[in-house]
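Enquirer: Each residue of the sequence shown is one higher than the last, beginning at 5 in our numbering. My questions will all concern the structure given below.
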Amino acid sequence: MVDAKAAKARAKPAGNAPLRSGSSIPPHAHCRICNAPVDVKADPRVCKDSSCIEELDRREASERRMRTWMLIFFGLFAFTFIGPVLLRAAG
């Protein structure tokens, strides 16, 4: 069995990794939209381009809407199975 704490202690965070010898690329991240390099600490992880910011806002709104609909459908699905049990127990 693998000891998770020991493995975590041995692992090094990727953001704090020093430059390897011979490598001239500093640690960085990429824009989620256009894949341009951005600062590691950038939050949200997009470049300063207005089209990327607008696209990220559109995607986040779409994800929120999808989560809401999934919750509604899950609630309806659960109610169709739990509702009759509760009605039978109450009546």
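Even glycine gets a Cβ: it sits at the ideal position worked out from N, Cα and C.
Can the beta-carbon of P48 be found less than 8 Å from the beta-carbon of L60?
Expert: Yes, Cβ-Cβ distance for P48 and L60 is below 8 Å.
Enquirer: Should V50 be labelled buried (16 or more other beta-carbon atoms within 10 Å of its own) or exposed?
Expert: Buried.
Enquirer: Helix or strand or just coil, what does DSSP make of V89?
Expert: Three-state result, V89: helix.
Enquirer: By Cβ distance, which residues of its chain are closer than 8 Å to H32, with the 5 residues on each side in sequence left out?
Expert: For H32, where only same-chain residues beyond five positions count, the Cβ hits under 8 Å are P41, V42, D43 and V44.
Enquirer: Whole angstroms is fine: what's the gap from S28's alpha carbon to A13's?
Expert: So the two alpha carbons sit approximately 27 Å from each other.
Enquirer: What is the DSSP secondary structure of A33, counted as helix, strand or coil?
Expert: In the structure shown, A33 sits in a strand (DSSP, three-state: E or B).
Enquirer: Work out the CA separation of R36 and S55 for me, nearest whole Å.
Expert: Cα to Cα, S55 sits roughly 12 Å from R36.
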